[in-house]
Every structure is written in C-alpha cells, then in structure tokens.
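Presented below is the structure to which this report refers.
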Amino acid sequence: MTTEQVAAPINAWQVAQRQFDLAAEMLNLDPGLRRVLREPRRELTVHFPVHMDDGNVQVFTGFRVQHNLGRGPAKGGIRYHQDVTLDEVKALAMWMTWKCAVVGIPYGGGKGGVIVDPKKLSKKELEGLSRRFFTEISVLIGPERDIPAPDVNTTPQIMAWFMDTYSMHQGYTVPGVVTGKPISLGGSEGRNEATARGCVFTVVKAAAHLGIDLKSATVAVQGYGNAGSIAAQLMAAEGSTVVAVSDSTGGIRNMAGLDPDKVLAWKKEHGTVQGFPGAEDISNAELLETPCDVLIPAAYENQITARNAMDIKARIVAEAANGPTTPEADEILYQRGVFMIPDILCNAGGVTVSYFEWVQDLNRDHWTEKEVNAKLKVIMDQAFAEVLAQSQKHGVNMRTGAYLNAVQRVADATAMRGLYP
Ligand code: GLU
2 MTTEQVAAPI NAWQVAQRQF DLAAEMLNLD PGLRRVLREP RRELTVHFPV HMDDGNVQVF
62 TGFRVQHNLG RGPAKGGIRY HQDVTLDEVK ALAMWMTWKC AVVGIPYGGG KGGVIVDPKK
122 LSKKELEGLS RRFFTEISVL IGPERDIPAP DVNTTPQIMA WFMDTYSMHQ GYTVPGVVTG
182 KPISLGGSEG RNEATARGCV FTVVKAAAHL GIDLKSATVA VQGYGNAGSI AAQLMAAEGS
242 TVVAVSDSTG GIRNMAGLDP DKVLAWKKEH GTVQGFPGAE DISNAELLET PCDVLIPAAY
302 ENQITARNAM DIKARIVAEA ANGPTTPEAD EILYQRGVFM IPDILCNAGG VTVSYFEWVQ
362 DLNRDHWTEK EVNAKLKVIM DQAFAEVLAQ SQKHGVNMRT GAYLNAVQRV ADATAMRGLY
422 P
C-alpha cells in the first residue's frame, strides 16, 4: 500500500450518525424527527488560559456538547486526551443520549473534552486547567441542566475540583452538579467500579444465553484504566482466566492466566503493564487477536475495524469503551457469529450509578454499596433482556437491538413534547 492509499482515520461522528440512521430507517422514524436527532442540540468550544509552573501562560482548547435534552438534563463525562476533537465529543454525546435511554434513566446526552495530555501536567497545572475549563463551560452546566462525570483520564479528584469551582461561584455547595466525586464529597458508593461492574453483569447474561461457562472462560482486556482494570478483577472473581491485558503502551499475555491485582500494582509502579513477570509483551493489535472467550475493549474508539474483525477470536465482545467497533467490523463480527454487547448497553453501569449519585445528592442521602450494586444489577439485567428480545425479534445484532430501543424512547419523548414554538 502506498502512502496515498493509507485509509483516512475513521471519524467517530460519522460512525455515530450511521448507527443512528440504521435504527431510524428500521423504525421508519418521521423525517423531521430524524433531522432533529441526527444533530447535537448545542456545541460549545472554549479556548482558555492556564498558568504553567514555568511562569508561561498556555492556551488550551476544550468542548462541551449536549446532544439531546428530551428525556432530562444532559449527562456525560469529560475526557482529557491529546487527540480529542469536536467530532469525537459530538459522537460521545450522542452515544450518551442512547445509553441513558437504553437503561431508562431520565437524562439526555452530553460529553466534554479538553485537548491535553494530562500526564505532562503537574498537579497544580491540572487543577488550574480543570477549574478554568469548568468555569468556561459553566454557561451550560448545572444540576438541573448538564451534569458532567469522569471519562478517559479524569478522576474523582478532578470531579472534586469541578464541584468546588461551581460551588464557589454559586456561594454554596452544589454536590449534584457533577458525579463520580470522592465519597467524602457526596460521591456514591460503587461509582468507581460501576462501569466495570455493569459490563460484567452483561457478560454474565451473555454467557448464560450462549451456554458459556464463565468459570472455564478466558478473557482479554484492552485498556487498564478504571473500566479495564476493574473489569479484569471482576471477571477473575467470576472464575474466568484473564489471559491478556494492555494499556496505551502495549500489552502482556500469559495463556496460563494473569493476576489482575498484581498487574495493577505493577502498572502503578512502572507506569505500564509491560514487563510483567511471567508474561510475554505483546502489541495492542495482538491483544485484540488473542484467542479467548471474552474480549473486553476498554480503551478508545475504532479499535475493531474492517482490518482486524476477521482476526478477532473471542465469542463475546463486551464494549466497556465507547465506540470501539466500526459499523463494518460490526457486520463482519455478526456474520461470524461473535456475540456483541454494544457500548450503549455494556458500559451503561457508569452513568447508571452516576444517576444514583445525583439522586442521593439531591436528596441529601447516602446508600450502602450493597444497595447501589443491587439496584444497578436490576437495571442492567432488565436492559440486557430488552435489548436481546429486540435483536431476536428483528433478527439484528445487539447494537441495532439497543439502538431500536433507545431511539424509539427518545423519539417518543421528543414527539410527545412537541416542537416549540
Ligand atoms: N464517561 C462515562 C460514560 O461514557 C460515564 C458518564 C457519566 O457517568 O455521566 O458513560
């Protein structure tokens, strides 16, 4: 292949719109409604200055997008990453709309991002950036309007700074303006583990549906951040063998099994999973092609594409990440009989416990972890059953099943509200 023939990078927003179009077509959605739901409601771009430790002022660019507010306030995380683009944030915001509708929680969809590699910032610079970014987007934010949360590279500490910044402007403490906070500040028990826990609930259901015994199953996990590392631990707790994991620096594999806790300790000490004793170092591409029963992409968009979909050996793909599979790859996996648990269902545990956190904050209440996990299981199990039923009814993959449920719910709400003025 010559350089001219190298494929253009896949645009997440085009992917998101194609996924929507497919569902809208199948639902025979009213053309006007289709035009409304196909675009975000609001897109805000901000350029803002931050004092750097060396005395310089640096200007950063960030975004907050609200895709749809039909079913409630906008909800969705904020990511910090050097490759963030407005189109990516638009896609992630649209996926949040469908995600909240799939699990039936009363939110619309939003997302934010800042173009920055946070690993290159000191703690003071990170705080300065976070506080100023939150101030800049505060024209859209509020506990009844738009409630951010963690996403790639953003932490409970950053949520605490967001909450404090907003509260300082209001003159009183507003815990419900952001979720994923530390427990000491009105964060919910179980929120940190919620994305992974919800993902594993769906894997348990998928395995039961397919007749796979998770106790003898093998698992590969791409991404070893909040979602990936905890998913690996929870799969091991189910009795499965975690045979390969990776992070942004590369992966490791040991077909006899890896101890997810020890890998996490190793990553904390060395900044990478690679070099883990007893495992061979592999690339992220090899990780995805590892022979296993369950593959959990828990990193970024567009990892499983037309190029590698034929080489995926897993029987179940559980999308803990947002948008890891392209539409072309979806089709190939479906034809090959791979069972896909789509992102808007699979990783909805995170936003579901964010919803619990917000409800607790608004009611000045605090639930036990047991209570949170039990409520999460009820919601995830029900959403899984509804999506499976829809996909079987129409003879489509689980992603399209999930979209049919989600788009119909948002469309109904939008149509019932009517067009103003
Ligand atoms: N960033 C997470 C997601 O993509 C969580 C969003 C939230 O809790 O609002 O679903």
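Each number in my numbering corresponds to the 1-based position in the sequence shown with 1 added. We put the CB at the ideal spot given by N, CA and C, even for glycine. This one's a predicted model, so the numbers in the text were calculated from it and none came from an experiment.
*Does DSSP put E387 in a helix, a strand or coil?*
Correct three-state label for E387: helix.
_To the nearest angstrom, how far is the alpha carbon of D118 from that of Q83?_
Going by the C-alpha atoms only, they are around 5 Å apart.
_Contacting residues, own chain, Cβ-Cβ under 6 Å from Y356 (five flanking each side not counted)_ = Counting only Cβ-Cβ distances below 6 Å, and skipping sequence neighbours, we find I106.
*Please confirm whether any heavy atom of the ligand GLU lies closer than 7 Å to the CB of N348.*
Here the distance from the Cβ of N348 to the nearest heavy atom of the ligand GLU is below 7 Å.
_Anticipated Cβ contact below 8 Å, L34 with G177, distance rounded_ = Rounded, the Cβ-Cβ distance is 31 Å, inconsistent with contact.
_Closest Cα partner of V153 within the set P50, A322, K100 and F340_ = For V153, the closest alpha carbon among the candidates P50, A322, K100 and F340 is that of A322.
*Cβ pair Q304, P328 closer than 8 Å*: Their beta carbons are not under 8 Å apart, which means Q304 does not touch P328 by this criterion.
*asked:* With a threshold of 6 Å on Cβ separation, who are the neighbours of P183 within its own chain once the five nearest residues in sequence on each side are excluded?
replied: P157 and A161.
*asked:* Rounded to whole angstroms, what is the Cα-Cα separation between A102 and G113?
replied: The alpha-carbon of A102 is positioned some 19 Å away from that of G113.
*First through last residue of the beta strand (DSSP E) which encompasses Q223*: Segment T219 to Q223, the beta strand (DSSP E) holding Q223.
_Spatial distance of F385 from T46 (CA atoms)_ = Taking the straight line joining both Cα atoms gives about 36 Å.
*DSSP three-state call for L127: helix, strand or coil?*
When secondary structure is reduced to three states using DSSP, L127 falls in the helix class.
*Shortest alpha-carbon distance to Y421 belongs to which of V58, F49 and G71?*
Comparing Cα positions, the closest option is G71.
_Cβ-Cβ separation, M97 to K76 (assumed contact under 8 Å), whole Å_ = At roughly 6 Å, the Cβ-Cβ gap stays under 8 Å, so K76 and M97 are in contact.
*Along the beta strand (DSSP E) that carries R65, what are the first and last residues, could you check?*
Judged by DSSP secondary structure, R65 falls within the beta strand (DSSP E) whose first and last residues are V58 to N69.
*Can the beta-carbon of P151 be found less than 8 Å from the beta-carbon of G78?*
Result yes, Cβ atoms of P151 and G78 sit closer than 8 Å.
_Starting from H367, trace the beta strand (DSSP E) in both directions and tell me its first and last residue._
From DSSP, H367 is part of no beta strand (DSSP E); its letter is neither H nor E.
*asked:* For a minimum of 3 consecutive residues, which ranges assigned as the beta strand (DSSP E) are wholly contained in the region 326–364?
replied: Counting only runs of 3 or more, we get 340–342.
*Based on the DSSP secondary-structure assignment, which residues constitute the bridge partners of S247?*
In the DSSP output, where bridge partners are listed per residue, S247 has Q223 and G252.
*Using only the heavy atoms of the ligand GLU, determine whether one of them is closer than 7 Å to the beta carbon of V201.*
No; taking the cut-off as 7 Å, the Cβ of V201 has no heavy atom of the ligand GLU nearer than that.
*Okay, do the region 366–376 and the region 183–193 touch, 3+ Cβ pairs below 8 Å being the bar?*
By the criterion of at least three beta-carbon pairs nearer than 8 Å, the region 366–376 is in contact with the region 183–193.
_So within the region 101–168, which uninterrupted alpha helix (DSSP H) runs reach at least 4 residues, ignoring any that extend past its ends?_
The qualifying runs are 124–138.
*Could you check if N29 is buried or exposed, using at least 16 other CB atoms within 10 Å of its CB as the buried criterion?*
So N29 ends up on the exposed side.
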